[in-house]
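Written out below as C-alpha coordinates is the structure these notes cover.
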(Lines of atoms letter the chains of each structure in order from A; the text may use other names.)
(Lines give C-alpha, C1' and ligand atoms only; values in the text may rest on other atoms or scores of the structure.)
Protein backbone atom coordinates (compact mmCIF):
# COMPACT_ATOMS: atom_id res chain seq x y z
CA UNK A 168 0.00 0.00 0.00
CA UNK A 169 1.28 3.45 -0.89
CA UNK A 170 2.48 5.38 2.18
CA UNK A 171 0.14 8.25 1.28
CA UNK A 172 -3.00 6.09 1.46
CA UNK A 173 -5.09 7.08 4.48
CA UNK A 174 -4.78 3.64 6.20
CA UNK A 175 -0.98 3.87 5.86
CA UNK A 176 -0.94 7.43 7.20
CA UNK A 177 -3.12 6.42 10.13
CA UNK A 178 -0.93 3.40 10.96
CA UNK A 179 2.29 5.41 10.80
CA UNK A 180 0.92 8.24 12.94
CA UNK A 181 -0.34 5.76 15.55
CA UNK A 182 3.26 4.83 16.40
CA UNK A 183 4.99 8.14 15.63
CA UNK A 184 6.29 10.45 18.35
CA UNK A 185 7.44 13.88 17.12
CA UNK A 186 10.83 14.97 18.47
CA UNK A 187 10.86 17.65 21.12
CA UNK A 188 11.72 21.12 19.87
CA UNK A 189 13.57 23.56 22.09
CA UNK A 190 11.72 26.78 22.87
CA UNK A 191 12.40 29.80 25.04
CA UNK A 192 10.36 32.45 26.82
CA UNK A 193 10.11 34.59 23.70
CA UNK A 194 8.88 31.72 21.52
CA UNK A 195 5.30 31.91 20.31
CA UNK A 196 3.33 28.76 19.59
CA UNK A 197 0.93 28.11 16.75
CA UNK A 198 -0.86 25.10 15.31
CA UNK A 199 -2.32 24.10 11.96
CA UNK A 200 -4.67 21.36 10.81
CA UNK A 201 -3.55 19.09 7.97
CA UNK A 202 -6.96 17.87 6.79
CA UNK A 203 -7.10 14.84 4.50
CA UNK A 204 -9.83 13.21 2.46
CA UNK A 205 -10.07 10.29 0.06
CA UNK A 206 -11.19 11.28 -3.43
CA UNK A 207 -11.27 8.89 -6.40
CA UNK A 208 -8.69 6.57 -4.81
CA UNK A 209 -6.39 9.51 -4.09
CA UNK A 210 -5.59 11.22 -0.80
CA UNK A 211 -6.01 14.98 -0.90
CA UNK A 212 -5.02 17.69 1.57
CA UNK A 213 -6.91 20.91 2.20
CA UNK A 214 -5.12 24.21 1.67
CA UNK A 215 -6.27 27.77 2.15
CA UNK A 216 -5.12 30.77 0.16
CA UNK A 217 -4.53 33.44 2.77
CA UNK A 218 -6.13 36.79 2.05
CA UNK A 219 -3.88 39.77 1.33
CA UNK A 220 -3.11 41.68 4.53
CA UNK A 221 -0.26 43.94 5.56
CA UNK A 222 -0.49 42.53 9.10
CA UNK A 223 0.05 38.92 7.99
CA UNK A 224 3.64 37.80 7.29
CA UNK A 225 2.18 34.97 5.19
CA UNK A 226 -0.21 37.24 3.30
CA UNK A 227 -1.33 35.67 0.03
CA UNK A 228 0.40 32.34 0.73
CA UNK A 229 -1.02 28.86 0.44
CA UNK A 230 -1.28 27.36 3.92
CA UNK A 231 -2.99 24.89 6.20
CA UNK A 232 -5.74 26.43 8.34
CA UNK A 233 -4.50 27.42 11.78
CA UNK A 234 -2.92 30.15 13.83
CA UNK A 235 -1.51 31.21 17.18
CA UNK A 236 -2.46 29.55 20.43
CA UNK A 237 -4.66 31.85 22.50
CA UNK A 238 -4.56 31.95 26.33
CA UNK A 239 -7.99 30.27 26.36
CA UNK A 240 -6.87 27.30 24.27
CA UNK A 241 -6.30 24.25 26.52
CA UNK A 242 -3.77 22.78 24.07
CA UNK A 243 -2.10 23.37 20.72
CA UNK A 244 -4.44 20.82 19.16
CA UNK A 245 -7.40 22.81 20.49
CA UNK A 246 -5.87 25.92 18.90
CA UNK A 247 -5.71 24.19 15.51
CA UNK A 248 -9.34 23.11 15.85
CA UNK A 249 -10.55 26.56 16.94
CA UNK A 250 -8.67 28.32 14.14
CA UNK A 251 -10.00 25.87 11.54
CA UNK A 252 -13.56 26.53 12.71
CA UNK A 253 -12.98 30.29 12.59
CA UNK A 254 -11.19 30.35 9.23
CA UNK A 255 -13.21 27.89 7.14
CA UNK A 256 -16.25 26.97 9.28
CA UNK A 257 -15.19 23.31 9.65
CA UNK A 258 -15.76 21.71 13.06
CA UNK A 259 -13.08 19.02 13.16
CA UNK A 260 -14.60 17.42 16.25
CA UNK A 261 -17.85 16.78 14.36
CA UNK A 262 -16.69 16.18 10.80
CA UNK A 263 -13.23 14.64 11.08
CA UNK A 264 -11.14 12.12 12.98
CA UNK A 265 -7.83 13.03 14.60
CA UNK A 266 -4.93 10.89 13.36
CA UNK A 267 -1.89 12.36 15.09
CA UNK A 268 0.74 15.06 15.37
CA UNK A 269 3.87 15.61 13.29
CA UNK A 270 7.08 17.56 13.79
CA UNK A 271 6.86 21.20 14.78
CA UNK A 272 8.44 23.65 12.36
CA UNK A 273 10.27 26.78 13.44
CA UNK A 274 9.16 29.91 11.61
CA UNK A 275 11.00 33.23 11.53
CA UNK A 276 9.04 35.53 9.22
CA UNK A 277 11.37 37.82 7.30
CA UNK A 278 11.22 41.36 8.55
CA UNK A 279 9.60 40.31 11.84
CA UNK A 280 11.50 39.92 15.12
CA UNK A 281 9.49 36.91 16.26
CA UNK A 282 10.18 33.22 16.73
CA UNK A 283 7.25 30.87 16.17
CA UNK A 284 6.95 27.11 16.61
CA UNK A 285 4.16 25.72 14.42
CA UNK A 286 2.81 22.23 15.14
CA UNK A 287 0.73 20.41 12.50
CA UNK A 288 -2.11 18.10 13.60
CA UNK A 289 -3.45 15.60 11.08
CA UNK A 290 -7.15 14.81 10.55
CA UNK A 291 -9.20 12.79 8.06
CA UNK A 292 -12.64 13.95 7.00
CA UNK A 293 -15.42 11.52 7.87
CA UNK A 294 -18.20 13.51 6.19
CA UNK A 295 -18.31 13.91 2.43
CA UNK A 296 -18.28 17.48 1.17
CA UNK A 297 -18.94 19.42 4.38
CA UNK A 298 -20.00 23.02 3.82
CA UNK A 299 -16.97 25.30 4.15
CA UNK A 300 -17.44 28.99 4.92
CA UNK A 301 -14.18 30.95 4.67
CA UNK A 302 -13.85 34.09 6.79
CA UNK A 303 -12.10 37.36 5.91
CA UNK A 304 -8.66 35.78 6.43
CA UNK A 305 -9.18 33.25 3.64
CA UNK A 306 -9.35 34.11 -0.06
CA UNK A 307 -9.91 30.53 -1.31
CA UNK A 308 -9.99 26.87 -0.28
CA UNK A 309 -8.30 24.25 -2.47
CA UNK A 310 -7.63 20.51 -2.34
CA UNK A 311 -4.28 19.16 -3.53
CA UNK A 312 -3.36 15.59 -4.48
CA UNK A 313 -0.81 14.04 -2.12
CA UNK A 314 -0.07 11.39 -4.77
CA UNK A 315 0.99 14.10 -7.23
CA UNK A 316 3.15 15.74 -4.57
CA UNK A 317 4.70 12.50 -3.33
CA UNK A 318 5.56 11.49 -6.91
CA UNK A 319 6.78 15.06 -7.55
CA UNK A 320 4.46 15.38 -10.53
CA UNK A 321 3.39 18.83 -9.33
CA UNK A 322 6.83 20.00 -8.22
CA UNK A 323 7.46 23.45 -9.65
CA UNK A 324 9.16 26.75 -8.97
CA UNK A 325 7.48 30.07 -8.40
CA UNK A 326 8.52 33.69 -8.03
CA UNK A 327 7.64 35.37 -4.75
CA UNK A 328 8.34 38.78 -3.26
CA UNK A 329 10.40 38.44 -0.08
CA UNK A 330 11.72 41.49 1.78
CA UNK A 331 11.23 43.66 -1.30
CA UNK A 332 12.98 41.24 -3.66
CA UNK A 333 11.44 38.84 -6.17
CA UNK A 334 13.03 35.44 -5.60
CA UNK A 335 12.42 31.96 -6.98
CA UNK A 336 11.52 29.07 -4.65
CA UNK A 337 10.46 25.44 -5.13
CA UNK A 338 6.95 24.31 -4.34
CA UNK A 339 3.98 22.18 -5.37
CA UNK A 340 1.36 23.54 -7.73
CA UNK A 341 -2.22 23.30 -6.47
CA UNK A 342 -4.71 24.78 -8.88
CA UNK A 343 -3.29 28.10 -10.04
CA UNK A 344 -1.19 28.55 -6.90
CA UNK A 345 2.05 27.22 -5.42
CA UNK A 346 2.52 25.72 -1.96
CA UNK A 347 5.97 26.89 -0.86
CA UNK A 348 7.90 28.20 2.14
CA UNK A 349 6.63 27.23 5.59
CA UNK A 350 3.84 24.96 4.34
CA UNK A 351 6.23 23.19 1.96
CA UNK A 352 8.50 22.52 4.94
CA UNK A 353 5.53 20.97 6.77
CA UNK A 354 4.78 18.77 3.76
CA UNK A 355 8.42 17.70 3.68
CA UNK A 356 8.18 16.72 7.36
CA UNK A 357 4.93 14.88 6.66
CA UNK A 358 6.36 12.88 3.75
CA UNK A 359 9.56 12.14 5.67
CA UNK A 360 7.48 10.84 8.58
CA UNK A 361 5.73 8.48 6.15
CA UNK A 362 8.83 7.58 4.14
CA UNK A 363 12.28 7.87 5.79
CA UNK A 364 13.86 7.89 2.30
CA UNK A 365 11.97 11.03 1.28
CA UNK A 366 14.38 13.64 -0.07
CA UNK A 367 13.30 17.01 1.25
CA UNK A 368 12.57 19.80 -1.22
CA UNK A 369 12.91 23.01 0.76
CA UNK A 370 16.59 22.60 1.70
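In our numbering, the protein residues as written are 168 to 370.
Glycine included, C-beta positions come from ideal geometry on N, C-alpha and C.
Remember, it's a predicted structure, so these values are computed and weren't measured experimentally.
For residue 206, there is no enclosing alpha helix (DSSP H); the residue is part of the beta strand (DSSP E) that begins and ends at 195 to 206. Per DSSP, the beta-bridge partners of residue 229 are 216. With respect to residue 234, residue 200 sits apart: the two C-beta atoms are not nearer than 7 Å.
Under the Cβ criterion (8 Å, minimum of three pairs), the stretch 258 to 266 counts as touching the stretch 283 to 292. About 27 Å separates the beta carbon of residue 284 from that of residue 175, a gap too long to meet the 8 Å contact definition. In the DSSP secondary-structure assignment, residue 308 is bridged to 215. If you draw a straight line from the Cα of residue 301 to the Cα of residue 256, it comes to about 6 Å. Contact check for residue 211 and residue 299: beta-carbon distance about 14 Å, past the 8 Å limit, so the pair fails to qualify. Separation of the CB atoms of residue 342 and residue 325 is rounded to 13 Å, and the pair is thereby denied contact status at 8 Å. Residue burial is scored here from C-beta neighbours: residue 335 has fewer than 16 other C-beta atoms within 10 angstroms and is therefore classed as exposed. Per DSSP, the unbroken alpha helix (DSSP H) holding residue 317 starts and ends at 313 to 317.
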